[in-house]
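Residue numbers (the working numbering): 43 to 463. Structure first, then comments.
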Ligand SMILES: [Ca+2]
């Protein structure tokens, strides 16, 4: 009996050992996020963090992280000490880390073969307590680029998270929870029931910083599509008494469209009788601009020298988009036949005629709906339903190559279908 008690006491002593109070605890210490509104912004994956390519997220100690999005995708980048891995935690329904089946962990690790992405979902609905479920599809649908600094002390990762066909990622503006941690590779894994301090963030097309109290800034036309070679128009509306203190406003695009668009500075206009002032950022987006979401910014200088800023996303869009809609839950666990829907969406004022072809992975056969002609009128959408046979043992995430052929031009995309999770 005495022996047992001693053992119990020894156990208690070990249990009470504390880590130093100043060491930040992974997953628990509250984070300082650069801006809780995250803009739609498309990076270029080459292992280099270019100027205005990435939006800073959390910077702490030797860790620099970045996070942005666009509909259906999330973009992550990090610069971290060579011995660390970087772990993003997302509460995709913004309902709490230990709530629901929407808690996704993305682990980025540097390996000799490149950047490794591991995704898993914390199922907090599990009756026996929160349980991790590996989701290999997150890695299958991800695209990565990485580099190591010349002195070998830090590594850099750039990652595109495409939706693996599970509908995890928001397809428009909304709120999610997020945090990011760096921990040494090989650290002891925290138990699944340990809470994580998740900050609420907003995925959006606009944000402002430093505006004087009572001043509203509203861009008109944020999120709009523009083809390379055509014109972009963003109208900024300012409202509020302090707007009379504004003196000048400078407008330009950031990052990859900075040199391909107008940059201008004008006197700030006098507000009208309703206290509103309008400023237009109009520019041609030069041919050759890389497709993706870009950011236009305006910087306003007040009479006292104070500055504030507004930022709005716009999209340098391809002539059309091809979207593979993940099959409904009811279909997934069924037979060896699967119906999928594909949307061809025009982003153009032109009319297109062509054919659509979907190439399935090995073992799948498209039975109906392939290679049919389509006519796509300006800014319209064409729906295609394809039926395919699925190999009987198919489990997991599969890529499908989607091709629209218009004359001798081909537009290609990859879509993902996840079966039987
Ligand atoms: Ca880059």
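From the three backbone atoms N, C-alpha and C, an ideal C-beta is built for every residue, glycine too. No experiment lies behind these values; they were computed from the predicted model shown.
Next on the checklist: Using the Cβ count rule (16 or more neighbours within 10 Å means buried), how would you classify residue 321?
Outcome noted: buried
Item to check | Own chain, CB closer than 6 Å to residue 144, minus 5 neighbours either side, in chain order | outcome: 134, 135
Checklist entry - If you compare alpha carbons, which of 296, 388, 446, 238 is closest to residue 305? => result 296
Checklist entry - What are the partner residues of residue 475, as DSSP defines its beta bridges? => result Here the chain comprises residues numbered 43 to 463, so residue 475 is not present and cannot be evaluated.
Item to check | Buried/exposed call for residue 262, threshold 16 Cβ in 10 Å | outcome: exposed
Checklist entry - For the region 261-277 against the region 350-360, are there 3 or more C-beta pairs whose distance is under 8 Å? => result yes
Checklist entry - If you count every other CB in all the chains shown that lies within 10 Å of the CB of residue 126, and 16 or more means buried, which is it? => result buried
Item to check | Nearest candidate by alpha-carbon position, reference residue 406, set 167, 425, 381, 387 | outcome: 381
Next on the checklist: Less than 7 Å between the beta carbons of residue 184 and residue 203, yes or no?
Outcome noted: yes
Checklist entry - When the distance is taken between beta carbons, is residue 334 closer than 7 Å to residue 84? => result yes
Checklist entry - Applying the criterion that 16 or more other CB atoms from any shown protein chain within 10 Å of the CB defines a buried residue, is residue 258 buried or exposed? => result exposed
Checklist entry - residue 195 to residue 446, Cα distance in whole Å? => result 45 Å
Checklist entry - Would you call the region 157-177 and the region 69-82 in contact, with 3 or more CB pairs under 8 Å? => result no
Next on the checklist: Considering just the uninterrupted stretch of the alpha helix (DSSP H) at residue 124, what are its terminal residues?
Outcome noted: Taken as a continuous stretch (DSSP letters only), residue 124 belongs to no alpha helix (DSSP H), as it is neither H nor E.
Checklist entry - With 16 other CB atoms within 10 Å as the buried threshold, where does residue 332 fall? => result exposed
Next on the checklist: Rounded to the nearest angstrom, what separates residue 378 and residue 431 at their Cα positions?
Outcome noted: 5 Å
Item to check | Counterpart residues of residue 327 in DSSP-defined beta bridges | outcome: In DSSP, residue 327 forms no bridge with anything.
Checklist entry - Under the rule that 16 or more other beta-carbon atoms within 10 Å means buried, what is residue 199, buried or exposed? => result buried
Checklist entry - When the distance is taken between beta carbons, is residue 226 closer than 7 Å to residue 246? => result no
Item to check | Beta-carbon gap between residue 425 and residue 398 smaller than 7 Å | outcome: no
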